[in-house]
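Note that our numbering has the sequence shown beginning at 555, numbered continuously upward.
In this text, a Cβ means the ideal position worked out from N, Cα and C, and glycines have one as well.
Keep in mind the model is a prediction, meaning the values are calculated, not measured.
A short write-up of the structure that comes next.
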Amino acid sequence: MSVCIQRLSKSWGDFAIRNIDLEVENGEYFVLLGPTGAGKTLLLETIAGFHKPDTGEIWINGKNVTSLPPEKRSIGLVPQQYMIFPHMTVKQNVEFGLKIRKVPKTEREKAVNEVLELVGLTHRRNRFPSTLSGGEQQKTALARALVIKPKILLLDEPLSALDVNTQKRLREELKAIHEELGITTIHVTHNHFEAHMLADRVAIMKNGAIVQKGLPEEVFRRPKNDFVAEFVGFENLFEGKILATRGGLATIDLGGVTVEAVTSKRGKCMVGVRPDDIILSNSLFQSSMRNVLKGRVTGLIDMGAIVNVVVKVKNVSFTALITKRSLADMGLAEGKEVYLAFKASAVHVL
555 MSVCIQRLSK SWGDFAIRNI DLEVENGEYF VLLGPTGAGK TLLLETIAGF HKPDTGEIWI
615 NGKNVTSLPP EKRSIGLVPQ QYMIFPHMTV KQNVEFGLKI RKVPKTEREK AVNEVLELVG
675 LTHRRNRFPS TLSGGEQQKT ALARALVIKP KILLLDEPLS ALDVNTQKRL REELKAIHEE
735 LGITTIHVTH NHFEAHMLAD RVAIMKNGAI VQKGLPEEVF RRPKNDFVAE FVGFENLFEG
795 KILATRGGLA TIDLGGVTVE AVTSKRGKCM VGVRPDDIIL SNSLFQSSMR NVLKGRVTGL
855 IDMGAIVNVV VKVKNVSFTA LITKRSLADM GLAEGKEVYL AFKASAVHVL
């Protein structure tokens with residue numbers, strides 16, 4: 555089912571979401587992305603029917619549901635804290651929604667068995683929540699939401715409380731479940747990597763408003779402003795001044811360092827380069843890349859499988875990403891000189 559939100563506003567204490575316009579297509583996996591306090595959960599709960607909008611409307615599959623209670627919206631919600639009952643087994647938790655809907659026992663058994671198999675919890679059906687891992691508790695909450703066969707699934711930070719390895723596994727499982735069921739899904743997260751992995755489309759929220767929406771590649775590669783750029787991973791953000799433009803190619807001063815970028819803008823600007831668009835080398839190399847700079851390593855930040863390498867070029871510091879193996883092969887260490895290169899098309903001018 556499709557979801558259409560029109561000019562929706564809702565105040566909550568001294569905070570408000572404002573003038574939200576959003577369309578989620580049938581079967582789409584849509585991610586609401588933003589920092590803590592952006593209004594993502596309030597928007598999700600308003601879609602679910604837990605809050606009545608101050609203004610605006612919510613339409614589901616062409617029907618205005620703004621005034622309908624949650625149980626009439628055919629929505630399944632997985633809250634951030636999971637909210638599974640500690641005194642019930644996995645099976646009883648999953649079955650709960652069917653019981654209160656007075657679904658006959660034989661139908662309940664069949665539905666519960668199917669959804670437990672779908673999320674991989676058949677072998678845990680008689681366990682209590684206190685004996686489950688974080689990932690298994692999350693799956694229990696997901697199964698409880700899915701067992702009622704909702705037309706729309708709402709996920710509020712479903713992976714945020716899990717360790718990195720469990721997050722990775724459950725991202726893959728969420729993707730597989732969505733592909734199998736084709737259910738329209740709205741997923742709230744503050745993790746841009748999570749959004750990039752799962753979303754068909756994404757919307758960025760800040761201070762109760764949507765500031766940019768579109769395909770992940772569009773939003774993450776072409777942010778509209780410096781907030782979006784920084785939030786989606788443009789660690790290299792600089793104030794710049796465009797010195798000259800010719801044939802769509804601009805020369806930009808970053809405070810003593812000049813770079814070339816594809817833009818028609820003029821004057822002062824903000825410049826962003828993603829760390830994963832920068833290539834490092836121990837020696838000057840032949841390349842079609844318009845930007846090749848020489849600098850000195852001033853920092854190495856271990857990120858697990860990858861390393862953030864900070865390179866200072868004159869008075870400007872760039873951050874690049876490389877694998878640990880590349881770090882060892884290049885023999886990089888603080889104080890070592892290194893060349894960095896990136897395409898003019900990788901320089902985003904705001």
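Original post:
Okay, do the region 804-821 and the region 843-854 touch, 3+ Cβ pairs below 8 angstroms being the bar?
Top reply: yes
Original post:
Contact between the region 711-727 and the region 561-570: three or more CB pairs below 8 angstroms?
Top reply: no
Original post:
Would you call the region 601-619 and the region 761-775 touching, i.e. three or more CB-CB distances under 8 angstroms?
Top reply: no
Original post:
Under the three-state reduction of DSSP, which class applies to V657: helix, strand or coil?
Top reply: coil
Original post:
Considering H741, what are the terminal residues of the beta strand (DSSP E) in which it resides?
Top reply: T738 to T743
Subject >> Sequence-distant residues of the same chain with beta carbon closer than 6 angstroms to K705, five excluded per side >> reply: M555 and S628
Original post:
Between which two residues does the beta strand (DSSP E) carrying R561 extend?
Top reply: V557 to W566
**OP:** Can you give me the start and stop residues for the alpha helix (DSSP H) that S835 sits inside?
**Re:** Counting along the chain, S835 falls outside any alpha helix (DSSP H), though it belongs to the beta strand (DSSP E) covering I833 to S835.
Original post:
Given that a residue counts as buried once 16 or more other Cβ atoms are within 10 Å of its Cβ, and exposed if not, what is D883?
Top reply: exposed
Subject >> R662 classed as buried or exposed, judged by whether at least 16 other C-beta atoms fall within 10 angstroms >> reply: buried
Subject >> Straight-line gap, Q721 to G651 (C-alpha atoms, nearest Å) >> reply: 26 angstroms
Original post:
CA-CA distance, R678 and D831?
Top reply: 44 angstroms
**OP:** Go ahead and pull the three-state DSSP assignment for L651.
**Re:** Strictly speaking, residue 651 in this sequence is Gly, with Leu absent from that position. G651: helix per DSSP, three-state reduction.
Original post:
So, are the CB atoms of V648 and R698 less than 7 angstroms apart?
Top reply: yes
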